[in-house]
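A.B. asks: If you use the working numbering, the sequence shown corresponds to residues 555 to 651, in order.
Beta carbons: idealized from backbone N, C-alpha and C, even for Gly.
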Amino acid sequence: MLGECKALANETRLRVLEWLKDPERHFPESAGEAAELGVCVGLIQQKAGTSASTMSAHLAVLQRAGFLLATRRGQWTYYRRDDDRIRAFAERLHRDL
555 MLGECKALAN ETRLRVLEWL KDPERHFPES AGEAAELGVC VGLIQQKAGT SASTMSAHLA
615 VLQRAGFLLA TRRGQWTYYR RDDDRIRAFA ERLHRDL
């Protein structure tokens, strides 16, 4: 549980999870693919206003914690939330604390 908590201890990572909860609203330019694949890392980076390397690091932390799923298509990587994993974490947090 410590890894998940550390992943959520950063404001940018929290915003990314919030944005990906409603990708059609936050990333309208990817509305068609957002439902199926997720949102391209470049769009997430652009919205956050960070460098590519910084955003890649944030996304890797969220993925290792189990909060994001990644799909690779060619040279592009798309991210979407793993809502089942997020829900299980929230339930465990509520139960144990």
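1) Just to confirm my understanding: we take S584, look at its own chain, exclude 5 residues before and 5 after, and list those with CB closer than 8 Å. What are they?
2) Just how far apart, CA to CA, sit A602 and T566?
3) Who are the near neighbours of R634 in its chain, counting only those whose CB is closer than 8 Å to its CB and skipping five residues on each side?
4) Considering just the uninterrupted stretch of the beta strand (DSSP E) at G619, what are its terminal residues?
5) Between which two residues does the alpha helix (DSSP H) holding T566 run?
6) Taking C-beta to C-beta, are R618 and G557 nearer than 8 Å?
7) List the residues that DSSP assigns as beta-bridge partners of V593.
8) Helix, strand or coil: which one does DSSP assign to T608?
9) I'd like to confirm the pairing. Which residues does DSSP put opposite R627 in its beta bridges?
10) Return the residue from the list L647, R649, Q599, Q629 that minimises the CA-CA distance to V570.
C.D. replies: Result, derived from the coordinates:
1) Same-chain partners within the cutoff: P577, V593, C594, L597.
2) 7 Å
3) L574, P577, A588, L591, G592, V593, L622, L623, T625
4) With the sequence shown as reference, residue 619 is identified as Ala, and Gly is not the correct amino acid for it. Counting along the chain, A619 falls outside any beta strand (DSSP E), and DSSP gives it neither H nor E.
5) Start and end: 565-575.
6) yes
7) Y633
8) helix
9) According to DSSP, R627 bridges with W630.
10) Q599
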